[in-house]
Amino acid sequence: MTRFGRTVLPAEQRVALRKAIRWEIFTIGYTTATIIAVAFVVGNSQAMRTAWIEDMLSLIPQIAFLAALLFVRRSPSRAHPYGLHRAMGVGHLVAGVALLAVGANLAVEAVTGLIAAEHPTIGTVRVFGQTVWLGWLMVGVMALIVIGPFFYGHAKSKLAPVLHNKLLYADADMAKADWQTNAASIVGVLGVGLGVWWLDGAAALFISLGIIWDGVRNTRAAVSDLMDRRGRTYDDRHPHPLIAQTNRYLRSLRWVDRSAVRVRDQGQVFHVEAFVVPRWGRVTTRQLDDASAGIVRLDWKMQDVVVVPVDRLPEEADPAT
Amino acid sequence: MAAGERTGQSGTMRTPHASASQRLAMGALLAATLVATGCGVQIPADPDGTLDRVTGGELRVGAAVEPGLVEVEGGEPSGPLVDLVEDFADSVDAEPEWTIASEETLVTELEEGRLDLAVGGFTDQSPWIDRAGVTRGYPGIPGAEGRSLVLLVPLGENAMLTELETFLDEEVGS
């Protein structure tokens, strides 16, 4: 895959994208293996059940990312004049809402279990002719599968900024926090082992609150971008520096008196509307075309650029500072 | 948070999260240490101390009549399941004290802490799984006739359950 919409990707992004796809496929394989492993030991522990469902939920961002890639590569057409870049945001929203809904459900389950004082019953299993308490196997499995997310979490968090992909960034962020789930479920199970029955429900509640928090963060970020918030960095921390850069470029043109830009994030690429007040009130179509091409050259993300000559700059657009 | 991380600024935001889970991790470590040093902690333990109370004392057993497994003649229960329970009681030095009642009554008494163990025609398809601790299924119990029989203990009494399952594994296989 070498293009996003009308943009042919630069070499750095092409490499990063190929790596990201590989890591996402690896993650799906790894997570599937952990889901199967946990299925054998999940037992009656609410904490284990919650961690297990979280594992299943954690597949959604990867599937959404890979599915969205099939759409965003398409060039803009009459039917979709802005391209299909929003697919990434839609995937992000779906992942966020799923986390939120299931997380809330699991939190309610944990709380009702605690209120009803349900004592989790964890018996034994036969392993190679020995009778072993299932709790030990739960602890073993959870301690073993904690390793994977460290690797793919860090790998993906390095790729997300290169690709300016917020879904990938959120995915990496959740993977890096995944060890907390494993630690909590181990504490819950060992708590049951020591006869502290409520530690299981408390651990389940802790895990489900983490899921809810992930859901809130992702839903909020996805909705903001879908509602055309001003373009921000991949981690949503700052207004994107390309906004100021675009204004600087426009100011460097001799025929431009003042400028302001509106930049929205379509998911990996930007849609840019640049308003310019021409010096002496005159501008040629050639100058407008050149300015637009100049902005596109600033960065591969500058995908869809229009330069509009105006008398007065719109107030909501980012002015040159 | 590693210094070389690209997302360096996010460190401040995640700190409260990390410290909560670090406390959890510490707890896990502490628990593991307790186990490793073997300072008299039994795992799994019973929240309500059933096994401790039963050992060397009285085992309150409830039985539901089931032809070929639990029969009652003159108020005295007999049958393969009854024999099995008496052997289990022996193994923990306990004296069984029998109550005969319907399945539902037995389960309710388990919940209310008036019984330590319940037997009858319970199988691994038992609908009581939410209200009682259920052992693994044992098709090897005499008189089971193809059924995978289970025994019931109070919910969450995991030491009791583990002791019982360990006994059953040795007596009737799994």
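Protein sequences, first through last, are from chains A and B. If you read the first sequence in this note's numbering, its first letter stands for residue 988, the second for the next number, and so on. If you read the second sequence in this note's numbering, its first letter stands for residue 4, the second for the next number, and so on. Cβ coordinates follow ideal geometry from the N, Cα and C atoms, glycine included. All values derive from a computational prediction rather than experimental measurement.
Inset, instruction - Could you name each continuous alpha helix (DSSP H) segment of 4 residues or more that falls completely within the stretch 94 to 169 of chain B, going from the start of the chain to the end? - result: 106 to 114
Inset, instruction - Spell out a yes or no on whether the stretch 1057 to 1067 of chain A and the stretch 1198 to 1216 of chain A are touching, meaning 3 or more CB-CB pairs, one atom from each, closer than 8 Å. - result: Contact between the stretch 1057 to 1067 of chain A and the stretch 1198 to 1216 of chain A is absent, with fewer than three C-beta pairs closer than 8 Å.
Inset, instruction - Using a Cβ-Cβ cut-off of 8 Å, state whether B:Glu174 counts as contacting chain A. - result: So no, B:Glu174 is outside the interface.
Legend entry - C-beta atoms of B:Ala97 and B:Leu62 nearer than 8 Å: yes
Legend entry - Secondary structure of A:Leu1086, DSSP reduced to three states: helix
Legend entry - Under 8 Å between C-beta atoms of A:Val1021 and A:Asp1042: Residue identity check: residue 1021 of chain A is Thr in the sequence provided, not Val. In contact: A:Thr1021 and A:Asp1042 (Cβ atoms closer than 8 Å).
Legend entry - Interface flag, A:Trp1184 vs chain B, CB-CB below 8 Å: A:Trp1184 counts as touching chain B.
Inset, instruction - Would you list, in chain order, the members of the stretch 38 to 72 of chain B that have their beta-carbon closer than 9 Å to a beta-carbon of chain A? - result: Residues of the stretch 38 to 72 of chain B with a C-beta atom less than 9 Å from some C-beta of chain A are Val38, Val44, Gln45, Ile46, Pro47, Ala48, Asp49, Pro50, Asp51, Gly52, listed in chain order.
Legend entry - A:Arg1009 (DSSP reduced to helix, strand or coil): helix
Inset, instruction - Name the two residues that bound the continuous beta strand (DSSP E) containing A:His1258. - result: Residues 1257 to 1265.
Legend entry - Partners in chain A for B:Glu168, counting only beta-carbon separations shorter than 7 Å: Gly1110, Thr1111, Thr1118
Inset, instruction - Using a Cβ cut-off of 8 Å (strictly closer), state whether B:Arg117 contacts chain A. - result: no
Legend entry - A:Asp1291 - DSSP class collapsed to helix/strand/coil: A:Asp1291: strand per DSSP, three-state reduction.
Inset, instruction - From the DSSP output, in three-state form, read off B:Glu173 for me. - result: helix
Inset, instruction - Report buried or exposed for B:Gly7, applying the criterion of at least 16 other Cβ atoms within 10 angstroms of its Cβ. - result: Here the model assigns B:Gly7 a pLDDT of 38, short of 50, so the residue's position is not dependable and the matter cannot be decided.
Legend entry - Straight-line Cα distance separating A:Gly1140 from B:Asn161: 37 Å
Legend entry - Proximity below 8 Å, CB of A:Asp1187 to CB of A:Ala1085: For the 8 Å CB-CB criterion, A:Asp1187 and A:Ala1085 do not form a contact.
Legend entry - Among A:Leu1131, A:Pro1301, A:Gly1218, A:Gln1000, the one whose alpha carbon lies nearest that of A:Lys1145: A:Gln1000
Inset, instruction - Would you list, in chain order, the members of the stretch 1082 to 1110 of chain A that have their beta-carbon closer than 8 Å to a beta-carbon of chain B? - result: Glu1105, His1106, Pro1107, Thr1108, Ile1109, Gly1110
Legend entry - Inter-residue Cα distance where the pair is A:Phe1058 and A:Arg1219: 22 Å
Inset, instruction - Would you mind stating whether B:Gly65 and B:Leu152 have Cβ atoms separated by less than 8 Å? - result: no
Inset, instruction - Starting from the Cα of A:Asn1152, find the closest Cα among A:Leu1046, A:His1072, A:Val1264 and give me that residue. - result: A:His1072
Inset, instruction - Could you name the residues of the same chain whose beta carbon sits closer than 8 Å to that of B:Gly176, not counting the 5 residues immediately before and after it, in chain order? - result: Contacts found: Tyr141, Gly143.
Legend entry - Short Cβ contact (8 Å threshold) for A:Val1263 with A:Val1294: yes
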